[in-house]
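What follows is a set of notes on a single structure, which appears directly below.
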Ligand SMILES: C[S@@+](CC[C@H](N)C(=O)[O-])C[C@H]1O[C@@H](n2cnc3c(N)ncnc32)[C@H](O)[C@@H]1O
């Protein structure tokens, strides 16, 4: 399959941080990469080849240190999981946990998730996309860096299979208002569920994430949206 043009994009939802990386994470990035890593390229991936089978597929954007991703992948061996993250220490952490859990149904891409979706993921191949606690970019002049925009919903919808779902969560009130506005403008999705809670909300079937725990400790509320592709 061939890649697709991405257009020029300069506004990104992240700033590359060097961060502290432990020797174990550093080692995992080289030793476990051949097993779990997929290099970014402009070629559309053949996911059946990547995973060596045909299965339902979930893509998690910005998985942080991968705790939620590894947990779900070990709970659901019948589903294939693709994690996309740019933060190297987090990716190293995720690879170590993936190996400890003996996962065969997880692959990781170290690149901007927008470009991965644009160029590497085929049309209508995903059953679900998850975006848990994207960077809130609180300053008004940075709102354009927020991941959730109309263009993002259009892109996500095109990569989801019919009736595929997009699950978003945030602990940042102003971002929640922004997400509500963007969803209201979208013709690609139907809002199946929206809830605000103080943690421990189980009907949306997800584990509490590392950033969510931090938000809850600060007394933040949590917002979840489950969107279904039209
Ligand atoms: C606030 S953290 C949340 C991490 C995790 N989902 C959690 O809830 O614990 C946001 C993460 O998204 C990642 N991120 C931001 N923009 C990204 C992008 N365009 N592509 C891939 N990862 C991105 C950051 O590196 C960061 O690890």
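Numbering (my numbering), first residue to last: 1248 to 1477. Glycine residues also receive a C-beta, built at the ideal position from the N, C-alpha and C atoms.
Could you compute how far the alpha carbon of residue i sits from the alpha carbon of residue j?
i	j	result
residue 1383	residue 1461	14 angstroms
residue 1379	residue 1309	7 angstroms
residue 1265	residue 1287	19 angstroms
residue 1260	residue 1301	32 angstroms
residue 1525	residue 1425	The question about residue 1525 has no answer, for the chain in this structure spans 1248 to 1477.
residue 1248	residue 1327	Any reading at residue 1248 must be qualified, since the residue scores a pLDDT of 44, below 50, and its modelled position is unreliable; the value itself is stated next. Between residue 1248 and residue 1327, the C-alpha separation is close to 20 angstroms.
residue 1355	residue 1398	24 angstroms
residue 1373	residue 1303	7 angstroms
residue 1311	residue 1459	11 angstroms
residue 1267	residue 1273	10 angstroms
residue 1293	residue 1371	13 angstroms
residue 1427	residue 1465	23 angstroms
residue 1429	residue 1348	37 angstroms
residue 1344	residue 1455	17 angstroms
residue 1463	residue 1417	11 angstroms
residue 1441	residue 1408	21 angstroms
residue 1414	residue 1362	19 angstroms
residue 1451	residue 1336	28 angstroms
residue 1381	residue 1403	15 angstroms
residue 1284	residue 1263	19 angstroms
residue 1432	residue 1439	15 angstroms
residue 1271	residue 1434	45 angstroms
residue 1386	residue 1445	24 angstroms
residue 1199	residue 1421	No answer is possible for residue 1199: it lies beyond the span of the chain, which begins at 1248 and ends at 1477.
residue 1281	residue 1390	37 angstroms
residue 1478	residue 1295	Because residue 1478 is not part of the residues shown, which for the chain are 1248 to 1477, the question remains open.
residue 1277	residue 1329	19 angstroms
Thinking residue i and residue j are a contact (beta carbons under 8 angstroms), I'd like their distance in whole angstroms, please.
i	j	result
residue 1358	residue 1333	7 angstroms
residue 1411	residue 1476	5 angstroms
residue 1352	residue 1298	7 angstroms
residue 1322	residue 1377	Contact doesn't hold; Cβ gap of about 14 angstroms is too wide.
Does the distance from the C-beta atom of residue i to that of residue j stay below 7 angstroms?
i	j	result
residue 1317	residue 1360	no
residue 1375	residue 1305	yes
residue 1325	residue 1457	no
residue 1423	residue 1339	no
residue 1400	residue 1346	no
residue 1365	residue 1289	no
residue 1258	residue 1392	yes
residue 1470	residue 1443	yes
residue 1320	residue 1350	yes
residue 1291	residue 1369	yes
Starting from residue i, follow its DSSP beta bridges and name the residues at the other end.
i	result
residue 1305	1328 and 1375
residue 1415	1378 and 1472
residue 1436	1476
residue 1492	The question about residue 1492 has no answer here: the residues shown for the chain are numbered 1248 through 1477.
residue 1441	1472
residue 1478	Residue 1478 lies beyond the range of the chain shown here (1248 to 1477); nothing can be said about it.
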